[in-house]
Each structure stands twice: as C-alpha cells, then as structure tokens.
Amino acid sequence: MKKIGRVLKKVNWKLAAVLMISLAMLIFYGNQKEGYHVDEVYSYGLANSEYLPFMHFGQHDYNVKEWMMEYGAGESLGQLFSNLVKDFRILKECGFHLKESVIYQDYLTAQANSADTRTTSWMPGQAYLDYVAVSESNTFNYASVYYNQRGDVHPPLYYSLLHTICSVFQGKFSRWFGLGLNIAVLLMAAALLYKMCRLYLGGRTAALLTVGVYSLSAGFLSTAMFLRMYALLTFMVIAYCYMHLKIADECFRLKGKNRRRLVLAVLCGYLTHYYFVLYAIGVAAVFCIWMAVRRKWREMAGYVLTLAGAAAVGLCIWPFAIRHVFQGYRGVDSLNMLLGGNFYLSKSKLMFDQAAAWLFGGHGWLLLLCLGVQAGLLVWRRGRNLPVFKGLLLFVPIVFYTVTVSQIVPFLDTRYIMCTYPFWYLSVFGTTEVLLRQCSGKIADNSYIKTGVLAAVGALLLGVSCGGWNTPDHLYPGGQETVEIAENTDYVFIMADGDWNQSAVDSTILAQCRNVGVTYLSDMGQLAEDYEYQAGDVLIIAVQKDMDVEEVLRQAREAFGVEGLREIGRSMGSTSVRVILADFDT
C-alpha cells in the first residue's frame, strides 16, 4: 500500500484529468467515424497484405509470397537459415553474380506477377478482407511489411506498428486498430509536450494550458481520426525537440543516454516519414548556431558526427529512401518543385490558413500577433533576459518545415502539417508568458495575475478551437461503414481504361461480397463471359464518378445480361456511383 501511495503522489492529477477528457472525446469521435479515405485503406493493406503492396486483379501461380518461401524468410527461423544456405550455394555456382542467378530471375517473375493488373477474372470478396486484415499465415510478418513499403512511397515504422496490432486480431478489420495506435501515440505526445514545457519553457501553468488546449482542439482530434502516420510523426517531432532542449540544458554535453536517445529519435523520425528530415535539418541549423555562439566547438563536432552516424544507420536499415526520393514519382515531383526555383507564397499562405482554421477557429491574426510580439520583444530588449535560442529552436524549424512542405507536397492538405499544431499553441502561451515576465511591478511578481491572464488566453483559444463544438475532420459520415451488403451479392467495379484501381477505397465493402470483378471498361465483356445471374442474387455495378455513369451502366447491363433487373438502390461512394440491381424489390 505504501508503494501505491508513493506512486499516486507522483501522478499529476491535473494533467491526467486533461488527458482523460481528451481520451473521452477521442473515443466519442472514433465512434462517429463511418468511412475511410483511400490512403487509410492503404495503411491497412500495406501493413497486413502478404507480399502484396496494392490490390491487383491478376491470378498467378508464382508470386512474391512463394518466392519468400523458397529463397527468403520462410515461415520459421529454421527455414530462414536453410534458405540462406541454399542461396549461398546458388550464388557460389554462378560466381556471386546476383543478376545471373536463378534467385534474381525468379524474383523478377514473382514481382511482375504480384503487380499484374489484368482485369478479366473474378475474385472472391475474401481477397479484399485478406488485403486489409492479417491472415493466419501472416501474423507478425515484418518481412512482408518491409517488402510492401519498398513498393510504396513511405518508410515502414508506422505500418509495422499497425501490423503488430492487427496481428493480435487476425482475420479481422476494425477502424479501432488504427485509431487505437493514433490515440496512444498522441496521448504520449501530449504528456511529453507537458514535460517539455514544464522543464524548459515556462513552468507548470503554461505547460498545462498548452497541453489542455492542444489535446482538446479539433486539430488534435483530426490528427487522431486520420488513420495514417501523421499522429506518430507528431510524437517524433515533439520528442526530437525535447531531446535538443534537454541537451542544451545540460551544457550541450552529448554522452551516454543523450547520444543514444538522439540517435533513436533520428532513426524513428526518419522511419516514420521522410518529411521529418526537413524538420531535423531546421533543428540542426539552429542548434549549431546556438553552440557556435556559446563557443561549444567540440560539442558541435560531436553533435554533427552523431547525426551523420544516425543517418548512415538509417540508410542501412531502410536504403529504399534513396530510390523513393530520387526515382519514385512522388520524390521526383517534390525535388522538381523544390529545385525548380518556383516559390509560390500563396501555397505557404494557404497552408498557414488551414492550420489557423483548425487551431484558432480561422483567426490567423492571433498567430501573426504572437510572432510579431516575439520579434518586437527581441528588438526592444536586444535579447537581454530573453530565451532567444529556445524560441528560435521551437519556431524556426517549424516555420521552415511548413514553408518547405507547402512547396513540395502533391496537394495542399493539412495532414502534412499536423505535426506542427502543438508548436503554434506553444507560440501563443510562450509569448504571453514572456510578456508577463517583462511587466514591472505587481504583475511580474503576482502569480495569481499571471495564472489568470494565461487562463484567459487558454479560454479564448479553447472557445474558438475546441473539438466539442468544432467537428474534427476525417470522419467521413455516410461512408463505407454504413453500407450493408446482402447475401449472394456480386460486385462489379468499372474503371476508365488505364486508370488506377480506385476500388481499393471500398475494400471493406467488397470484402462482404461473394465475388468481385474489377475491370476496365474495354475489358468488361471478357469479365461478363464468366457471369450468369441467378434468381435471388444481388448485383452491384459501381461506375467511377468521372465517367458517363448512365451510359456505362447501360453498357454493363447489356454485357452482363441483366437488362431486366430492377434498380433497387443507388449510393455515392468517394470514387464511384454504386447501383444495386436485383429481380426483387427491397
């Protein structure tokens, strides 16, 4: 009992209360989430599909899964070592020329088969469940996650964590697997943000108000509701900032735990999202200037070498970043925009406006006012008695990150700047705290006045941004979770010739169907050859929205021989119009 009592005394009950309220709101809105963005479906597919990055339509005997069984990780540690011995023997026989070996040739065949997009065959709906859920043979198979991300444009850490959760619930799909991961890392991020503020940036009151407003804001809730890696990226960015403030507080000494934690922070951030590198570059620039001003030359050399070593280790763990950035379609597009010399201020303004909409109720002038006050204080006080470099470390990397990302993203979306949200609140409370310290007389010495002013600022921010009356994003009401599929349902998804497989967004719907056919319009006749309608069946024909829906529907009815079926329902998906046909009324 005494031990329990000591533990309870150490608990910060005010912080715990704030996080519990935040958790209740997260669970409430998690229950309201009814649909998925296609990228959220890909989060599950890339994490859980067995050596199949994206859903394809071809059926082949030899694929990457079978190649891995024959030459790779296998299904057990014993099979792995056996395959390594066999691989060594094969390579030795061909003089260790990998591209001339049967290993490489079989891999090319398997990879081509696993990427085939032929559209003339039916698949059971179970194949779509197998794509988003972990099968019995694929539990805790991180080799599959690694392989899948090789074919994607992101590093593998987030997908590995999601795969771990889903492996516990094999054969099942639930939004709560992704939501649970996001909620956990965001609550840890909020707790770490509190610790960082309390220790280095203004004390308990400012720390509690910063975390309170952030963790109850619509921006925080939107980050959690979006089932991608941006919640994890938020935690990584806060952890990285915290580590640098801690190192600076210890006279820039980088030894023992600090060095190991810095390396771990770099590795985890890099393996979460490539944009983390932009933030790390901004932090490194400010930190090196800070050390140069303090004449910490030896510490600076150790810091730079540590970062270089961490980068080298990261590339050894995940070398595909080089291909993703310099050869992948997303990476090449971003580099062209970054190096092309075309800077669009309107892009950066739109990105800041989107952040202000979620964090300040659209009142972006609050943020501009705080940045202006900071600059004014710096000029007025000439840096005396001001935490100048702490302020620079907090905000220069975030501004640099936001401006740079706004120029290179494929589309201007708030997901890319979710990791900056806590720092904008920190800017407001930090500026208020410093202003109060600069006041003379009773205001500067009266803790009640300080607390009252900070609380008033917190109430103002909470009033314009709280998720209690500002519905968060990414709930997708009326989405896939609301679609009910009758028994004996077959599903045809018709795409424009040469388009990408947009049916993936409806994977949770297709998983409930008996048979699924995904076809280009020109191949529809071949798919129809293997279809025969039986009395009592239901046929759903989904047509991409950007096609002439009625004309394509007419052609589909004719091709599948279902001109006489009644249309008993029609619904709008995010990428298609679904038409339900049957020989009976609803």
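Counted the way the working numbering counts, the sequence shown spans residues 11 to 596.
For each residue, glycine too, the CB sits at the ideal point set by N, CA and C.
Small disclaimer: the values here were computed from a predicted structure and weren't measured.
As assigned by DSSP and simplified to three states, the class of residue i
i           : result
residue 443 : helix
residue 522 : coil
residue 586 : strand
residue 529 : strand
residue 534 : helix
residue 133 : strand
residue 111 : coil
residue 238 : coil
residue 211 : coil
residue 475 : helix
residue 560 : helix
residue 496 : coil
residue 270 : helix
With 16 other Cβ atoms within 10 Å as the buried cut-off, status of residue i
i           : result
residue 8   : For residue 8 there is no data in the structure shown, the boundaries of the chain being 11 and 596.
residue 27  : exposed
residue 165 : buried
residue 6   : Outside the shown range of the chain (11 to 596) lies residue 6, about which nothing can therefore be said.
residue 547 : buried
residue 17  : Confidence is the limiting factor: at residue 17 the pLDDT is only 47, short of 50, which leaves the residue's position unreliable, though a coordinate-based value still follows. The residue in question, residue 17, is exposed, as its Cβ has fewer than 16 Cβ neighbours within 10 Å.
residue 81  : buried
residue 517 : buried
residue 29  : buried
residue 412 : buried
residue 490 : buried
residue 583 : buried
residue 2   : Here the chain covers residues 11 to 596 and nothing more, so residue 2 does not appear.
residue 426 : buried
residue 37  : exposed
residue 510 : exposed
Limits of the unbroken beta strand (DSSP E) element including residue i
i           : result
residue 76  : Note, residue 76: premise wrong, no beta strand (DSSP E); alpha helix (DSSP H) at 74-81.
residue 503 : 499-505
residue 553 : 548-554
Close beta carbons around residue i, own chain, < 8 Å, minus the five adjacent residues each side
i           : result
residue 403 : 251, 254, 255, 258, 293, 296, 297 and 300
residue 577 : 589, 590 and 591
residue 563 : 551, 553 and 589
Span of the alpha helix (DSSP H) around residue i
i           : result
residue 314 : 307-327
residue 154 : 152-160
residue 417 : 398-418
residue 35  : 23-42
residue 144 : Element bounds for residue 144: n/a, residue is neither H nor E.
residue 364 : 355-369
residue 53  : 48-58
residue 65  : Where residue 65 is concerned, there is no enclosing alpha helix (DSSP H), given that its DSSP letter is neither H nor E.
Identity of the residue in the options nearest residue i by Cα
i           : options               : result
residue 534 : 505, 183, 265 and 591 : 505
residue 485 : 366, 560, 233 and 557 : 233
residue 461 : 561, 216, 368 and 445 : 216
residue 311 : 281, 323, 262 and 358 : 262
residue 207 : 221, 376 and 101      : 221
residue 289 : 367, 415, 274 and 45  : 415
residue 228 : 246, 154 and 39       : 39
residue 330 : 135, 161, 153 and 214 : 161
residue 532 : 195, 496, 569 and 497 : 569
residue 209 : 438, 260 and 242      : 260
residue 190 : 483, 278, 168 and 439 : 168
residue 423 : 367, 51 and 132       : 367
residue 243 : 282, 270, 107 and 277 : 282
residue 211 : 442, 268 and 119      : 442
residue 587 : 459, 503 and 530      : 503
residue 480 : 245, 187, 369 and 177 : 369
Contacts around residue i, its chain only, beta-carbon distance under 6 Å, and the 5 residues preceding and following it disregarded
i           : result
residue 410 : 292
residue 471 : 223
residue 541 : 570
residue 196 : 234 and 241
residue 580 : 589
residue 153 : 83
residue 114 : 108
residue 336 : none
CB contact check: residue i to chain B, cutoff 9 Å
i           : result
residue 587 : The chain inventory of the structure shown lacks chain B, comprising one protein chain alone.
Contact set for residue i: own chain, Cβ-Cβ below 7 Å, skip 5 residues either direction
i           : result
residue 182 : 143
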